[in-house]
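**Student:** One structure, as structure tokens, below. Some questions next.
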Amino acid sequence: MVKVTLKDGSVREYSEGTTLAGVAASISGRLGREALVGKLDGKLVDLSTPLKKDASVEFYTFDDEEGRRVFRHSTSHVLAQAVQKLFPGIRLAIGPAIADGYYYDFDSPEKFTPEMLEKIESGMEAIIKADLPFERMDMERGRSLEFFDRAGENYKVELINDLPEDAAISCYRQGDFTDLCAGPHVPSTGRLKSVKLTSLAGAYWRGSEKNKMLQRVYGTSFPKKSMLEEHLARIEEAKKRDHRKLGAELDLFSIQDEGPGFPFFHPKGMALRNELENFWREEHHRRGYQEIRTPVILNRTMWERSGHWDHYKENMYFTKIDELDYAVKPMNCPGGMLVYKSRLHSYRDLPVRMGELGLVHRHELSGVLHGLMRVRCFTQDDAHIFMLPSQAKDEIIGVIDLVDYFYSVFGFKYRVELSTRPEKAMGSDEVWEMATSTLEDALQSKGMEYKVNEGDGAFYGPKIDFHLEDCLGRTWQCGTIQLDFQMPEKFDLTYVGEDGQKHRPVMIHRVVFGSIERFIGILTEHFAGAFPVWLAPVQARVLPITGRHVEYAQKVMERLDGEDIRVELDDRNEKVNYKIREAQGQKIPYMLVLGDREAENGTVAVRHRTAGDIGSMGLEEFVARIKDEIKTKKI
RNA sequence: GCUGGUGUGGCUCAGUGGUAGAGCAGCGCAUUCGUAAUGCGCAGGCCGCCGGUUCGAAUCCGGCCACCAGCUCCA
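What follows is the structure, given as structure tokens:
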């Protein structure tokens, strides 16, 4: 007999050789049916694994992240099996589970089409119906190489060759299909129930554009059909929040064929944008920042000096003025350097915090453009902090606090990443080491959780990035803090120290919104276009019931306008229902319905876009209410 | 940039070789109405662009452009 310790701490005895599936079934009938995979002494394993000694055991179902991943990964094997059956000779690359599903990459001379996906899906359903068990086979390295080589699976051979010498190699077989795989898997294909192939895309082998492009099939799967349907409905719902769609519907901005990646801001988009910038200026002023503005075009010499000419050329736009080379700025920092350099600085002045809402242009590949999220010109809410090396940590913490405060005002959750030295970088390893550990130190003293992205830093320094989510859960980098020892060197920046000698300051580059454009995209999707009152392009719309109420409506509008409330009057010859419907569609926070009663008493009947009719109140009472919401930036 | 898909009035979409359609929006007229669509009428389209095939092209072929999804890359 062996002793098994379960998740709740209880201990049960089983005869040696009992499988985990048996253990699950003995705990409860439901767990026996729903368990997908087990954890034996901390390691995820198949349910078919037998008990050999005393152990701790846990089980995972589709309700757990681990269970879902195994479930989707197993589905990807079924996808590969269906594809190989339909198109013999296609070679397999990799097929992992991803956030909401899985994919499999194939190398095939034949191009997949959407019609083929349907056939593949039917093939998968047949395999699921056959309820084939997933069988694990541990293989000796040489044998596995021989096996996949004989099958012509050159990608699998490459994968095996790249595994460390002592790595255990395993394959999984279901029916007549065998794939290289570490596992674990669900017990049999019948568990997979409801599958759907969602899209088709190209993907480079091992993610490098130097390699061959393979065909990637994306899909998802669920243990119940109703769950799949819910999932698809959720995606449809999320698409309604897409900032590109809402941007057009709410008339915030447009991107036209005449300028791919160069957005046009319309009056309503500008109202929102100006609020963000006002907020930004107020907060930065409060925190000791000064504001500057630097030119969009500067000459070649300067870009050579900054390192951009060498390290950033592919992303820059160029022009000639009087036969000389100039570049359009892709970053604001060099301009900031020149401003710092324009006069002497004493150590007493440091830190100097210099902000700039700077318009930068970057050449992005056509395929990556995405509404306001990824554009070719955008405004960074930039700032450069010049300081003594000893001030670095506190300044970084100050920026972390600033970012956290800003995002909390909008109700955003964010993720933090730390990016380290890239391949193409300026400066010595020691300096990079020091900069990176300073950033890490600051993060740790704030007790922040973060992920490390090796090699993702800027060419002049490591960075802390803040990521926000869009409507489909894709994340976008917004805020960033970069510590830079290179630029001050390149530009020979100095300050006069206590000793009367010149010393080298260090600097921070940082943005909070990141790009105002991207931030507006994220905001739009986050609020589904129903912006908080302080940001709403139109804060109230006045709706006279009939023509005879227009005069009073005008008076109400003027009163609100006098308080700098963004207000519109809908004096069209339409029924109130129609006007309300339209104002709701525009997601205007407050609608003021005005008829005989209101005109007579000097009141307004207030309708809120989510709460609905909230009754009549005096005009002044309404003014006080909306002004308070604006002032407190109520979400 | 790469792979696949899409491109028809302001918007959403029909239209598979033979005279370009609908709904919504817009405009006009009537209606003067109390919390999510009043009725009638009128306008509006080099069918993304260029070229080819054909007696004839929105429709078939080629090239280009833009957009969508993904890859690579980044705020």
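Start counting the first sequence at 68; every next residue gets the next number (my numbering).
Beta carbons: idealized from backbone N, C-alpha and C, even for Gly.
This structure is a prediction, so every number in the text was calculated from the model and none was measured.
1. Rounding to the nearest angstrom, what Cα-Cα distance links Leu550 and Phe445 in this structure?
2. For a test of the three-state rule: what should DSSP assign to Asn278, helix, strand or coil?
3. Would you be able to state if there are at least three C-beta pairs under 8 angstroms between the stretch 180 to 195 and the stretch 91 to 104?
4. So which of Gln148, Val617, Leu111, Val605 has the shortest CA-CA distance to Ile632?
5. Cutting at 6 angstroms between CB atoms, please list the residues of its own chain near Glu318, excluding the five before and the five after it.
6. In this structure, how does DSSP classify Pro200 when only helix, strand and coil are distinguished?
7. Given 8 angstroms as the limit, is there contact between the stretch 214 to 227 and the stretch 308 to 317, that is, 3 or more CB pairs closer than that?
8. Let's test the definition: count the other Cβ atoms within 10 Å of the Cβ of Val78 and tell me whether it reaches 16, buried, or not, exposed.
9. Taking Ala147 as the reference, which of Lys119, Glu192, Asp637 has the closest Cα?
10. Alpha carbon to alpha carbon, how far is Arg608 from Glu635?
11. Could you pull out every unbroken beta strand (DSSP E) segment of at least 3 residues lying fully inside the stretch 622 to 661, listed in chain order?
12. In this structure, how does DSSP classify Val253 when only helix, strand and coil are distinguished?
13. At the level of alpha carbons, what is the spacing between Tyr414 and Gly564?
14. Which residues in the same chain have their Cβ closer than 8 angstroms to the Cβ of Leu661, if we skip the five residues on either side of it in sequence?
15. Per DSSP, which residues does Gly105 bridge with? Please list them.
16. Could you round the C-beta distance between Leu118 and Thr142 to whole angstroms and report it? I think they count as a contact, below 8 angstroms.
17. Give the single residue among Glu687, Gly522, Lys513, Phe552 whose Cα lies nearest to the Cα of His576.
18. Mind checking who Gln544 pairs with in its DSSP beta bridge?
19. For Gly89, collect the residues of the same chain with a Cβ closer than 8 angstroms to its Cβ; drop the 5 residues on either side in sequence, then sort them by chain order.
20. Could you check how far apart the C-beta atoms of Asp448 and Leu424 are, in whole angstroms? I think they sit under 8 angstroms.
21. Excluding five sequence neighbours on each side, which residues of the same chain lie with their C-beta closer than 6 angstroms to the C-beta of Ala492?
22. Is the stretch 198 to 208 close to the stretch 255 to 268, with three or more CB pairs under 8 angstroms?
23. How is the alpha helix (DSSP H) around Pro334 delimited, first residue to last?
24. Please classify Thr142: does DSSP put it in a helix, a strand, or coil?
25. Are Lys396 and Val363 touching if we call contact CB-CB under 7 angstroms?
26. Just how far apart, CA to CA, sit Leu103 and Thr128?
27. When DSSP builds the beta bridges, which residues end up paired with Asp551?
28. Rounded to whole angstroms, what's the CA-CA distance from Met554 to Thr547? Just pull it up for me.
29. For Val671, name the three-state secondary structure that DSSP assigns.
30. Smallest Cα separation from Gly134: which of Glu232, Val124, Ser373, His252?
31. Between Leu426 and Phe586, how many whole angstroms is the CB-CB distance? I'm expecting something under 8 angstroms.
32. Would you mind giving the Cβ-Cβ distance between Gly422 and Glu462, rounded to the nearest angstrom? I have them listed as a contact below 8 angstroms.
33. Please determine, among Lys70, Asp130, Phe331, Arg136, the residue with the shortest C-alpha to C-alpha distance to Leu107.
34. Please identify the residue among Ala149, Gly168, Ile227 whose C-alpha is closest to the C-alpha of Pro290.
35. Along the chain, where does the beta strand (DSSP E) containing His451 start, and where does it finish?
36. Candidates Val470, Glu630, Pro327: which alpha carbon is nearest Val435's?
**Tutor:** Here's the rundown:
1. 22 angstroms
2. coil
3. no
4. Val605
5. Before going on, a small fix: residue 318 reads as Asp here, not Glu. Within the same chain, Asp318 has close Cβ partners His333, Lys335.
6. strand
7. no
8. exposed
9. Glu192
10. 5 angstroms
11. 634 to 636, 657 to 661
12. coil
13. 5 angstroms
14. Val609, Leu610, Pro611, Ile612, His616, Tyr619, Ala620, Val623, Val671, Ala672
15. Val112, Phe126
16. Leu118 to Thr142, Cβ: 28 angstroms. No contact.
17. Phe552
18. His534
19. Tyr81
20. 6 angstroms
21. Phe526
22. yes
23. 334 to 353
24. helix
25. yes
26. 5 angstroms
27. Met574
28. 17 angstroms
29. strand
30. His252
31. So it is not a contact: roughly 15 angstroms between Cβ atoms.
32. Not a contact, Cβ separation roughly 14 angstroms.
33. Lys70
34. Gly168
35. 444 to 454
36. Pro327
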